[in-house]
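Residue numbers (this note's numbering): 3 to 274.
We treat Cβ as the ideally placed atom computed from N, Cα and C, and that holds for glycine.
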Ligand code: SAH
């Protein structure tokens with residue numbers, strides 16, 4: 003999940019291949035439980051979602067929007083409160099989709115916002131059906147370049163794609179953080195390279211911006227502190243749970259140490 007990227011790597015393994023399924027199954031449900039308890043499953047904020055939306059025009063009540071890797075829907079609900087149209091949230095994890103649909107009902111958005119279980123490598127849309135594809139902190143599960151290319155066909159001509167993706171801010175960085183990320187997500191790259199990939203995939207790069215630090219600190223790592231305490235108490239002595247929390251804490255520490263070298267970037271493109 004846009005979560006912890008050490009864990010994200012485990013997630014990829016679990017999701018995208020069935021190998022070693024039994025070994026990882028337990029870790030996997032632990033990861034889901036851990037992240038179900040917080041509002042966002044990756045760095046982001048309502049302000050950032052609204053800012054990214056400001057670059058997208060022509061949405062109407064008839065517009066069809068997909069939020070891919072929606073998690074429990076933190077950003078989807080914000081989107082629904084700011085733009086018209088029908089929104090489908092898609093996530094691989096049934097528990098996240100259950101929470102997503104409960105959240106939609108609580109906000110009285112259930113007529114316009116529906117969560118469904120599905121995988122981003124096999125999206126259930128028709129060619130040229132969508133006006134907007136949204137994905138915050140989730141496209142890394144399929145890979146930025148592959149996701150942009152494969153999802154292109156689902157967009158109408160002139161439709162938009164908006165994805166947030168971890169990116170390097172500099173050409174060079176200290177070995178510790180370089181190695182951490184190359185292990186967790188080898189596709190991490192510099193902003194100009196990501197923009198070139200977007201262009202090569204058939205989109206006009208319309209806008210990009212770096213997510214502010216509070217998306218990581220206030221909205222992502224801080225809510226985990228209480229969740230970690232509760233989790234460790236519940237799973238006292240459980241190695242997988244302890245490792246999960248240790249990984250999360252390590253990731254948060256690395257972020258505070260190396261945040262000038264990397265971060266999340268929102269990339270917005272228009273299909274041509
Ligand atoms: N967009 C949410 C969640 C980001 S975490 C937010 O910003 O808070 C990444 C999400 O991708 C998780 O909810 C995870 O369950 C989902 N995911 C991982 N692999 C997936 C796949 N193959 N297809 C669909 N969703 C997937």
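Review point. Taking 7 Å as the line, does the beta carbon of residue 121 fall inside it for any heavy atom of ligand 1?
Key: yes
Check your understanding: Just to check, is the beta-carbon of residue 118 closer than 7 Å to a non-hydrogen atom of ligand 1?
Key -> In this structure, ligand 1 has no non-hydrogen atom nearer than 7 Å to the beta-carbon of residue 118.
**Study point:** For residue 167, the first and last residue of its enclosing beta strand (DSSP E)
**Key:** 157-170
Review point. At a cut-off of 7 Å, is residue 217 close to ligand 1 when judged by its beta-carbon and the heavy atoms of the ligand?
Key: no
Point to revise | Continuous beta strand (DSSP E) assignments of at least 3 residues falling wholly in the segment 179-232 | key: 205-212
Exercise for review: From the DSSP output, read off the bridge partner residues of residue 66.
Suggested key: 88
Check your understanding: Quick one: any contact between the segment 251-258 and the segment 217-229, if contact means 3 or more CB pairs under 8 Å?
Key -> Taking one beta carbon from each stretch, the segment 251-258 and the segment 217-229 have 3 or more pairs nearer than 8 Å; the two touch.
Practice item. Within the segment 81-156, note down every full alpha helix (DSSP H) run reaching 4 residues or more, in order along the chain. Key: 96-108 and 146-153
Exercise for review: Indicate, with yes or no, if ligand 1 has a heavy atom lying under 7 Å from the CB of residue 189.
Suggested key: no
Review point. Counting along the chain, where does the beta strand (DSSP E) carrying residue 58 start and finish?
Key: Where residue 58 is concerned, there is no enclosing beta strand (DSSP E), given that its DSSP letter is neither H nor E.
Check your understanding: Roughly how many angstroms lie between the CA atoms of residue 79 and residue 180, to the nearest whole one?
Key -> 34 Å
Point to revise | Nearest residue (CA-CA) to residue 207, options 138, 197 and 214 | key: Looking at the Cα atoms, 197 is the closest of the given residues.
Check your understanding: Can you list, in chain order, the residues of its chain whose CB lies under 6 Å from that of residue 48, leaving out five sequence neighbours each side?
Key -> 80
Check your understanding: Quick one: is the Cβ of residue 2 within less than 7 Å of any heavy atom of ligand 1?
Key -> Missing from the structure shown is residue 2; the chain here goes from 3 to 274 and no further.
**Study point:** Close-in-space but distant-in-sequence residues of the same chain around residue 105 (CB under 7 Å, 5 per side omitted)
**Key:** 74, 75 and 79
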